[in-house]
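Scroll down for the structure; my scribbles are underneath it.
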Amino acid sequence: DNPRLESELLLAGAAYCFIRPFELNALANRLVLISDWSENTTFKSQEKADSDLEIIISDIMQILDTRIFGTTEEDIRKGAEILRDGGLVAFPTETVYGLGANGMDAEAAGKVYAAKGRPSDNPMILHIADRKDLGCLTDKVTADMETLMDAFWPGPMTMVVEALPQVPRVTTGGLDTVAVRMPDHPVALALISESGVPIAAPSANASGRPSPTSGQHVLDDLNGRIHAVVMGDNCQIGIESTVIDMTGEMPMILRPGKLTAEDFEKAMDI
Ligand code: AMP
Ligand code: MG
20 DNPRLESELL LAGAAYCFIR PFELNALANR LVLISDWSEN TTFKSQEKAD
70 SDLEIIISDI MQILDTRIFG TTEEDIRKGA EILRDGGLVA FPTETVYGLG
120 ANGMDAEAAG KVYAAKGRPS DNPMILHIAD RKDLGCLTDK VTADMETLMD
170 AFWPGPMTMV VEALPQVPRV TTGGLDTVAV RMPDHPVALA LISESGVPIA
220 APSANASGRP SPTSGQHVLD DLNGRIHAVV MGDNCQIGIE STVIDMTGEM
270 PMILRPGKLT AEDFEKAMDI
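The numbering used here puts the first residue of the sequence shown at 20, with every later residue one more than the last.
Below, the structure is given as structure tokens:
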């Protein structure tokens with residue numbers, strides 16, 4: 020229903036086929052992803068629509084040679100370097116495989132939305148490896164937050180906190196709050212800490228598809244759309260983290276997940 024989108028896609032498709040005639044199949048997959056994306060996106064303004072389109076069109080024009088890493092120190096070092104350079108690296112966590120990008124770099128974070136076909140107003144969770152890194156994201160750390168971090172980090176708890184101005188609004192889906200989590204997985208922690216930046220990492224699947232619990236699932240969806248995948252074990256939990264809003268007077272669960280309301284009540288002694 021969007022003539023501008025249609026004509027842009029036709030143009031991009033024609034140019035693409037001219038350059039890489041043998042990758043028609045991959046192109047078809049991408050167009051399906053993009054049409055899903057456009058259906059799920061409410062354009063807030065023409066300007067935003069234009070910038071979203073630009074990201075997507077430029078994305079269609081390239082098929083990446085997705086590198087496959089193991090979990091050796093050398094592999095983690097290479098993966099971290101790609102993240103620091105603004106690339107996309109999928110990696111295992113204890114919940115599901117995440118699609119990582121430097122969450123403090125708006126351009127890198129924008130690539131995650133394009134690769135997944137994720138609506139750009141769906142905020143991402145930033146992953147940290149050390150509690151002191153919370154200080155780059157927020158300056159409001161309350162006693163309740165300390166209690167929950169003591170109880171559940173590293174682990175499947177994501178806290179929504181007030182965001183400092185330096186947290187790109189691309190990462191937060193335009194919000195002035197940001198979601199943060201410390202995953203309980205040695206490979207995820209090593210990669211995040213080696214990269215030296217908070218890592219935005221939604222599940223490493225194309226939007227609308229099931230969350231991946233193995234490296235192979237990631238490749239099934241995103242091969243050619245991301246720079247690398249770190250192949251680790253299959254994920255233990257397979258259920259997303261529980262998202263809890265810490266910006267109000269009382270903590271409030273925004274998204275159910277592995278941890279339940281009872282788990283939080285017990286930890287907070289209420
Ligand atoms: P995921 O798709 O698993 O990466 O989880 C992202 C989800 O976390 C979003 O869809 C929201 O439900 C939630 N979320 C992330 N950031 C925020 C935020 N700043 N405020 C409220 N919810 C958030
Ligand atoms: Mg998901």
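Glycine is no exception: its CB is placed at the ideal position from the N, C-alpha and C atoms.
Through-space distance from residue j to residue i, alpha-carbon basis
i: Thr279; j: Thr261; result: 8 Å
i: Asp124; j: Asp288; result: 38 Å
i: Arg86; j: Ile256; result: 26 Å
i: Ala286; j: Thr266; result: 18 Å
i: Ile258; j: Arg150; result: 23 Å
i: Glu165; j: His204; result: 21 Å
i: Gly106; j: Val206; result: 18 Å
i: Asp84; j: Arg244; result: 8 Å
i: Ser226; j: Leu241; result: 11 Å
i: Asp282; j: Gly154; result: 26 Å
Limits of the alpha helix (DSSP H) - the one that residue i falls within
i: His236; result: 234 to 241
i: Thr166; result: 162 to 171
i: Ile263; result: That residue, Ile263, is in no alpha helix (DSSP H); its beta strand (DSSP E) goes 261 to 264.
Test item: CB-CB of residue i and residue j under 8 Å
i: Val237; j: Pro229; result: no
i: Ile144; j: Ala198; result: yes
i: Phe110; j: Gly119; result: yes
i: Val180; j: Thr157; result: yes
i: Pro202; j: Arg137; result: no
i: Gly98; j: Ala247; result: yes
i: Asp140; j: Gly193; result: yes
i: Leu102; j: Ala148; result: no
i: Pro187; j: Ala128; result: yes
i: Pro175; j: Gly251; result: no
i: Arg96; j: His146; result: no
Host beta strand (DSSP E) of residue i (start-end)
i: Glu181; result: 176 to 181
i: Leu189; result: The question names Leu, but residue 189 is Val in the sequence shown. Taken as a continuous stretch (DSSP letters only), Val189 belongs to no beta strand (DSSP E), as it is neither H nor E.
i: Leu145; result: 144 to 146
i: Met123; result: Met123 -> no beta strand (DSSP E), and no H or E assigned at all.
i: Met271; result: 271 to 274
i: Ala220; result: Neither: Ala220 is in no beta strand (DSSP E) and is coded neither H nor E.
Beta carbon proximity, residue i to chain B, threshold 8 Å
i: Ile211; result: This model lacks chain B altogether, as it is built from one protein chain only.
Closer than 7 Å: residue i CB and nearest the ligand ADP heavy atom
i: Ser233; result: No copy of the ligand ADP occurs in the structure displayed; its ligands are the ligand AMP and the ligand MG alone.
task: Using the beta-carbon of each residue, find all residues closer than 6 Å to any heavy atom of the ligand AMP and list them in chain order.
output: Asn141, Pro142, Met143, Ile144, Val179, Thr191, Leu194, Thr196, Val197, Ala198, Pro221, Ser222, Glu259, Val262, Leu273, Arg274
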